[in-house]
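Enquirer:
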Amino acid sequence: MLHTFPKGGIHPPENKFAASQPIEVLSVPDIVYIPISQHLGVPAKPIVKRGDAVKIGTPIAEAAGFVSTFIHSSVAGVVDKIDKITCASGFPQDVIVIKTSEDVWEDSIDTSPDFVKEITLNSEEIRARVLQSGIVGMGGATFPSHIKYQVPEGKQATALIINGVECEPYLTADHRLMLEKAREICVGIEIIKTAISVSHAYIGIENNKPDAIELFGTVVKEFQGISVVPLQVKYPQGGEKQLIKAVTGKEVPAGGLPIDVGAIVNNVGTVYAVYEAVQKNKPLYERIVTVTGKHVTEHKNFLVRIGTPIQNLIDAAGGMPEDTEKIISGGPMMGKAIPFPQAPVTKGTSGILLVPSLESQRQNMESCIRCGKCVSACCVGLEPYIIMTFAERGLVDELLDYQVMQCIECGSCSYVCPAHRPLLDFIRLGKQIVRKQDKK
Amino acid sequence: MNETILIPVIVLSTIGVLAAVVLYFVAQKFKVFEDHRIDEVEAMLPGANCGGCGYPGCRKFAQVFVESDNAESLFCPVGGNEMMSQIAEHLGKTVSAQAKKVAVIRCNGDCENTRKLTSYDGPQNCRIAVATFEGENGCSFGCVGYGDCVSVCEFDAIIIDEKTGLPVVTTDKCTACGKCVEICPRDIIELRKTNKKDLKIYVACMNKDRGARAKKNCDVACIACTKCVQVCPHDAIVITDNLAYIDDEKCKLCRKCVVVCPTTSIIETNFPPRKVQEPVSAVKE
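Here the protein sequences line up with chains A and B, keeping their order.
When we follow my numbering, the leftmost residue of the first sequence carries the number 325, and every step to the right adds one.
When we follow my numbering, the leftmost residue of the second sequence carries the number 74, and every step to the right adds one.
#1: Quick test of your reading: B:C295 and B:C330, contact by CB under 8 Å. State the CB separation rounded to the nearest angstrom.
#2: Using a cut-off of 7 Å between C-beta atoms, extract the partners of A:G414 located in chain B.
#3: Going by the DSSP bridge assignment, what does A:E530 pair with across the sheet?
#4: With a threshold of 8 Å between beta-carbons, can A:I568 be considered close to chain B, or not?
#5: Under a CB-based cut-off of 8 Å, is A:Q756 close to chain B?
#6: Return yes when the Cβ of A:Y494 is within less than 8 Å of the Cβ of A:T616, no when it is not.
#7: Where do the N-terminal and C-terminal ends of the alpha helix (DSSP H) with A:A578 fall, by residue?
#8: What are the boundary residues of the beta strand (DSSP E) that includes A:S432?
#9: Bridge partners for B:K266 per DSSP, in chain order?
#10: Would you kindly work out how many angstroms separate the C-alpha atoms of A:K331 and A:V557, rounded to a whole number?
#11: Can you name the start and end residues of the alpha helix (DSSP H) that A:K760 belongs to?
#12: Roughly how many angstroms lie between the CA atoms of B:I78 and B:Q101, to the nearest whole one?
#13: If the cut is a Cβ gap below 8 Å, which residues of chain B does A:T410 touch?
#14: Just to make sure I have the definition right: I need the residues of chain B whose C-beta is within less than 9 Å of the C-beta of A:Q685. Which are they?
#15: Name the DSSP beta bridge partners of A:A587, please?
#16: Does any CB atom of chain B fall closer than 8 Å to the CB of A:P746?
#17: Looking at the strands, I want to know which residues DSSP matches up with A:K660.
#18: Show which residues of chain B have a CB atom less than 7 Å away from the CB atom of A:P721.
#19: With distance defined between alpha-carbon atoms, name the residue in A:P534, A:V602 and A:G563 nearest to A:V552.
#20: When you compare the CB positions of A:V460 and A:H363, do they come within less than 8 Å of one another, or not?
#21: I want to see whether chain A comes within less than 8 Å of B:T313, judged by CB atoms only; does it?
#22: Going along the chain, which residues of the region 281 to 306 of chain B sit with their C-beta nearer than 9 Å to a C-beta in chain A?
#23: Thinking C-alpha only, which one of B:D108, B:V114 and B:V151 is nearest B:G127?
#24: As a quick exercise: from B:V276, B:V175, B:C131 and B:E76, pick the residue whose alpha carbon is nearest that of B:K269.
#25: With 8 Å as the threshold, decide whether the Cβ of A:R753 is near any Cβ in chain B.
#26: Pull up the distance between the alpha-carbon of B:A355 and that of B:L239, whole angstroms please.
#27: For B:F138, does the three-state DSSP call read helix, strand or coil?
#28: Which same chain residues end up closer than 7 Å to A:P577 when comparing Cβ atoms and leaving out the 5 residues on each side of it in sequence?
#29: CB A:I422 to CB A:D404, shorter than 8 Å?
#30: Considering only residues of the same chain and omitting the five flanking positions on each side of B:F134, which have a CB-CB separation below 6 Å?
#31: Of all Cβ atoms in chain B, is any one closer than 8 Å to the Cβ of A:F750?
#32: If you follow the beta strand (DSSP E) that A:F626 is part of, which residue opens it and which one closes it?
#33: Rounded to the nearest angstrom, what separates A:T328 and A:D418 at their Cα positions?
#34: Relative to chain A, which residues along the region 174 to 203 of chain B have a C-beta separation below 8 Å, given in chain order?
#35: How close, in whole Å, do the beta carbons of B:K300 and B:V333 come, if the pair is a contact with beta carbons under 8 Å?
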């Protein structure tokens, strides 16, 4: 019996069309737009100005607070301006616009393809390097990683859990990375283990990626204290708390952090970025992005420079299919429709999904029939149908009684609702109402 | 035969009398004192329970009014000054008169002045839409027009104009309770002082972007050109964050700013037509 989390969950069609496509390097665009806010927390502070020449890997914005991180130039060229454009988040953000010239790397970066296994840095140095390299959680939440590796006083990390689940349908970026960079990822795991001083790491991989499970099964034998945990296919297993429950059987308390049960969770993309930062001194300026969709002619996994307009990726994947109605940044479940295809790729962009008109339309909302499907689908154990009603009426006390703040916004409730009720939208509204009340 | 009916009557009457005596003493012992004036004040209040006074419902307001030593800070915007002075007289307290206010929609980004760049198919709810993206017309400060203010108004004072897609406040019905101000996620509704004949001058824009970007999204956006500040003889206009604001306390309704505004983002309502029309038309072109 394979491990999984016990409560709720759904299994939407996987549609992992791009799973067999090797990672391709996307050509460098003429202009990149690098947002200064690509992470959770305080936006970074630009440290370049118009006319400055930058190389690949030059820091262009510095951490402006505790929950903040560095941002590096992804191209060599000249800073054109600092502008405000609509980003993939749907909101206008400050971006550093850089006009590209020929690729020149910062001297400190090791650009050779050699595999480096020996770890020379200690825990303190690793954390500093992670901050200097601007590494954030690359599963989509974009939480600055150096904070995660700083285990709070009085807490003890006992297990490092690596998230290779990729439970979102369509997306294959992590899957391809695991297949192509398995040894590097294992070294990355060793580095993080040193940073947080734990002895054992678990790699959670869903059973729909048998090739990755098999590959890691052989690669981890070269290393000490890493084991592969095959997991049953279920959405949202990639959720931090769900993954901890599935792998270790421990439940993170409501309102608590994974460290409360001694766990630290990292995405495989993040682990690979840590490997590159520590072993190759390469800051986070590129990432893997899946471009896919039902009617896309060529499904692709690209290695993309941060700041590349999403339009470039779509063009490189055979162009936009005619009946595309929505472009989603991320996966179909938790991703977000973007208003303009010129929006740039950020550190958290795991995929670009082109949705045809037939699938993108919302159906008409009907009355709730109290079937309870949303309740059984909820992986946290909430009652979405009633939370929606409370949010509609703005009842703060009831929202808190029904633990609205514990929702991880996975969207399973909206997915299963036979009456097509926008449950998640209203749960988000409920959270908004509670936060507003808290501020008062 | 008489005893058959007599005994139950006597027993029941005794129980009744005993119960009455016990209940009398219990009632005396656990008597809850409530000021009768609270009921009287509550009867004088509008009974809308809108929360515009800052208290949950009219009864709580009445209670606070009766119990407070200083009633100066209390005000029911729905009842207005007249009702407040009546209640104060009844209780022998003093209240301070406050200027009547009315809700004003500070956005004029209708379908003609802005262009629809994207489309939104989520729930028709302003707060959800605003938390999702910048808005269909690309302005992240203006009205999105899904009518949260309409649904929250207890007095039917706000409707969405079908032509423009923007909310319109009926001044006569508006009681300045402030519910719409609170619910609007973009803070475009403001309570402003009313003037004679419902004359109003205000900047119908909330766009804090720089001029060029603001103008790109909306033809009638404030671009912070400072022309209105220069022309205002009463120092009533200030510009903060690339946005002009007219102080309703200082404004003397001279209408000089309306004429000079190059984007017509300053709006005048209910004024008689101007004698000389040329400056307005010249600006509009």
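In this text, a Cβ means the ideal position worked out from N, Cα and C, and glycines have one as well.
Given the structure is predicted, the values throughout are model-derived calculations rather than measurements.
Expert: If we stick to the structure as given:
#1: Contact flag wrong, Cβ pair sits at about 11 Å.
#2: T205, F206 and E207
#3: Note: A:E530 sits in a beta bridge opposite A:L555.
#4: no
#5: yes
#6: yes
#7: That residue, A:A578, is in no alpha helix (DSSP H); it is neither H nor E in DSSP.
#8: Looking at the DSSP string, A:S432 is not in any beta strand (DSSP E), and its letter there is neither H nor E.
#9: Answer is B:K174, bridged to B:K266.
#10: 14 Å
#11: L747 to K763
#12: 35 Å
#13: E207 and G211
#14: Those are D194, listed as they occur along chain B.
#15: In DSSP, A:A587 forms a bridge with A:A483.
#16: yes
#17: A:S653
#18: In the sequence under discussion, the amino acid at residue 721 of chain A is Asp, which differs from the Pro named in the question. Per Cβ cutoff of 7 Å: no residues; A:D721 is ~12 Å from chain B at best.
#19: A:P534
#20: In contact: A:V460 and A:H363 (Cβ atoms closer than 8 Å).
#21: Closer than 8 Å: no.
#22: D282, R283 and R286
#23: B:V151
#24: B:V175
#25: Reading the sequence as shown, one finds Leu at residue 753 of chain A and not Arg. Closer than 8 Å: yes.
#26: Confidence is the limiting factor: at B:A355 the pLDDT is only 45, short of 50, which leaves the residue's position unreliable, though a coordinate-based value still follows. Approximately 26 Å, taken between the alpha carbons.
#27: If DSSP states are grouped into helix, strand and coil, B:F138 belongs with the helices.
#28: D584
#29: yes
#30: Sequence-distant Cβ neighbours of B:F134 in its own chain, meaning closer than 6 Å and more than five residues away, are C126 and Y128.
#31: yes
#32: K624 to R629
#33: 41 Å
#34: L190, T191, D194, G195, P196, N198, R200 and I201
#35: 4 Å
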